[in-house]
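Novice:
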Amino acid sequence: MKNNKLWIALALTACSLGLVQKSEPTLKDAFKKSFYVGAAVNNFQVSGRDAQALALVKKQFNTISPENVLKWGPVHPKLEEYNFKLADDYVAFGQQNNMFIVGHTLVWHQQTPDWVFEDEAGKPVSREELLQRMEKHINTVVGRYKGKIQGWDVVNEAIADQGGQMRPTKWLSIIGEDFAQKAFEFAHKADPKAELYYNDYSLYRPDKREGTIKLVKNLQAKGIKVKAIGMQGHYGLTVPTIEQIEASIVAFSKLGVEVNFTELDIDVLPNPSRRQGADIAETFESDQKFNVYTNGLPDSVQQKLTQRYADLFALFQKHRDKIGRITFWGVTDANSWLNNWPIRGRTSYPLLFDRQYQPKPAYQAVLKTAATAK
Numbered sequence: 001m002k003n004n005k006l007w008i009a010l011a012l013t014a015c016s017l018g019l020v021q022k023s024e025p026t027l028k029d030a031f032k033k034s035f036y037v038g039a040a041v042n043n044f045q046v047s048g049r050d051a052q053a054l055a056l057v058k059k060q061f062n063t064i065s066p067e068n069v070l071k072w073g074p075v076h077p078k079l080e081e082y083n084f085k086l087a088d089d090y091v092a093f094g095q096q097n098n099m100f101i102v103g104h105t106l107v108w109h110q111q112t113p114d115w116v117f118e119d120e121a122g123k124p125v126s127r128e129e130l131l132q133r134m135e136k137h138i139n140t141v142v143g144r145y146k147g148k149i150q151g152w153d154v155v156n157e158a159i160a161d162q163g164g165q166m167r168p169t170k171w172l173s174i175i176g177e178d179f180a181q182k183a184f185e186f187a188h189k190a191d192p193k194a195e196l197y198y199n200d201y202s203l204y205r206p207d208k209r210e211g212t213i214k215l216v217k218n219l220q221a222k223g224i225k226v227k228a229i230g231m232q233g234h235y236g237l238t239v240p241t242i243e244q245i246e247a248s249i250v251a252f253s254k255l256g257v258e259v260n261f262t263e264l265d266i267d268v269l270p271n272p273s274r275r276q277g278a279d280i281a282e283t284f285e286s287d288q289k290f291n292v293y294t295n296g297l298p299d300s301v302q303q304k305l306t307q308r309y310a311d312l313f314a315l316f317q318k319h320r321d322k323i324g325r326i327t328f329w330g331v332t333d334a335n336s337w338l339n340n341w342p343i344r345g346r347t348s349y350p351l352l353f354d355r356q357y358q359p360k361p362a363y364q365a366v367l368k369t370a371a372t373a374k
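Residue numbers (the UniProt record's numbering): 1 to 374.
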């Protein structure tokens, strides 16, 4: 009894002296009743060379996505060659930390080697040959991680930026419009328990939204279960509006699918593309007028970024019954792709953690929105 009284007295004294600090909530804990919160990790992090970033991921997030290690080019560069080392490390990291592991991406028109679409003479292969190559790739990659990777971005960015039609790609021209159907069928066969997603950017735009709805309805009509539509959240400080994003959340949910925000970041820099998309092929020459915060982000812009994230997460909380996952595209400002797109060598500030791995004001603003959960 005396020992207990002594312990209580010491504890009260420590509290009065400010020696006991209340542990700060993390993103994954704050939103655990709402949706997964995650980050995309890059090759440098997956290989273990950025220990600070990995520690931050472990602490803050409960789901991960790979930036590049599972795209066709890196993992399957030649017809009979697969590079699984980094992908294996990525999956192992997720397993060791009890995370929901996402695979990104199986069929995409970018970062897919030319050999996939060509014969030995460099001419387009037949529909049958391309389907065989697609199936073998999906069966090999998905099959390797069966039961380990829980969800796959099966088809990425198949809707054109204008008009809502299918994007003109080699997948479309050689196979036809059913290439997406075939990709989902092959993925389901390789791992029947994995969640399957369609992923795209600018889905707040009415034309791309309607094109995506048409695509998913066609898949559903064939008996294919699409678990979620991934809305890439490559947004600016004012575009798109919260109302535009909300309209797509509601419209997609009416299909009976979840909505995932798969690549969230906020570009605070002047953008020569006027924020019309996130096409990695749309790049521009270096111009200092589009790289204006090389010495740090002004407080006025920091406040705008903070408010933007607060508004977005308030929206996510409002529709948490429709949303399965929020994934930031990167861990800190230092490793964001926006440092090199659409112009290389910029100093960008799009995420919740700065270049010193410290939380920004936007981080606290996001945590505050979690209090709205009932």
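Glycine is no exception: its CB is placed at the ideal position from the N, C-alpha and C atoms.
#1: Going by other Cβ atoms of all chains shown within 10 Å of its Cβ, with 16 needed for buried, is Gln21 buried or exposed?
#2: Quick one, which of Lys227, Leu312, Gln132 has its alpha-carbon nearest Gly236's?
#3: When you compare only the Cα positions, how much space is there between Lys136 and Glu120?
#4: With Ala92 as the anchor, note down where its beta strand (DSSP E) starts and where it stops.
#5: So within the region 19–81, which uninterrupted alpha helix (DSSP H) runs reach at least 4 residues, ignoring any that extend past its ends?
#6: At which residues does the alpha helix (DSSP H) containing Phe284 begin and terminate?
#7: Work out the CA separation of Gly176 and residue 375 for me, nearest whole Å.
#8: Check whether the region 70–86 and the region 100–120 are in contact - that is, three or more C-beta pairs closer than 8 Å.
#9: For Met99, which of helix, strand or coil comes out of DSSP?
#10: List the residues that DSSP assigns as beta-bridge partners of Leu196.
#11: Taking only three categories from DSSP, how would you classify Gln132?
#12: Kindly indicate which residue of Gly163, Lys193, Ile229, Asp89 has the alpha-carbon position closest to the one of Val155.
#13: Take the Cβ of Gln356 as the centre, count every other Cβ of all protein chains shown within 10 Å, and call the residue buried at 16 or more, exposed below.
#14: Compute the distance between the beta-carbons of Asp200 and Gln165, then report whether it is under 8 Å.
#15: Cβ atoms of Leu196 and Trp152: under 8 Å apart, would you say?
#16: For Asn68, count neighbouring Cβ atoms within 10 angstroms of its own Cβ and tell me buried if that reaches 16, exposed if not.
#17: Is Ala11 helix, strand or coil when you go by DSSP?
#18: What are the partner residues of Val259, as DSSP defines its beta bridges?
#19: Beta-carbon within less than 7 Å of Gln60's beta-carbon, same chain only, minus the 5 sequence neighbours each way: which residues are those?
#20: Which residues in the same chain have their Cβ closer than 6 Å to the Cβ of Asp333, if we skip the five residues on either side of it in sequence?
#21: To the nearest angstrom, report how far apart Asn98 and Gly330 are at their CA atoms.
#22: Specify, as a first and last residue, the run of the alpha helix (DSSP H) that Val363 falls within.
Specialist: For this structure:
#1: Model confidence at Gln21 stands at a pLDDT of 45, short of 50, so the residue's coordinates are unreliable and nothing is read from them.
#2: Leu312
#3: 18 Å
#4: No beta strand (DSSP E) contains Ala92, which is instead part of the alpha helix (DSSP H) from 85–96.
#5: 27–30, 43–46, 51–60, 72–75
#6: Run containing Phe284: none; DSSP gives neither H nor E here.
#7: In the structure as shown, the chain begins at 1 and stops at 374. Residue 375 is therefore absent and cannot be evaluated.
#8: Contact holds: three or more Cβ-Cβ distances are below 8 Å.
#9: coil
#10: Trp152
#11: helix
#12: When each option's Cα is compared against that of Val155, the closest is Ile229.
#13: Exposed, because fewer than 16 other Cβ atoms sit within 10 Å of the Cβ of Gln356.
#14: no
#15: Their beta carbons are under 8 Å apart, which means Trp152 touches Leu196 by this criterion.
#16: buried
#17: Low local confidence applies: a pLDDT of 46 at Ala11 is under 50, so the model's placement there is unreliable, with the coordinate-based value given in what follows. Helix, per DSSP.
#18: According to DSSP, Val259 bridges with Ile229, Ile323.
#19: If you ignore the 5 residues before and after Gln60, its C-beta comes within less than 7 Å of the C-beta of Thr26, Leu27, Lys28, all in its own chain and listed in chain order.
#20: Excluding sequence positions up to five before and after Asp333, its CB lies within less than 6 Å of the CB of Tyr349, Leu351, Asp354, Arg355, all in the same chain and listed in chain order.
#21: 19 Å
#22: It is worth fixing the name first, because residue 363 is Tyr in this sequence and not Val. Segment 361–369, the alpha helix (DSSP H) holding Tyr363.
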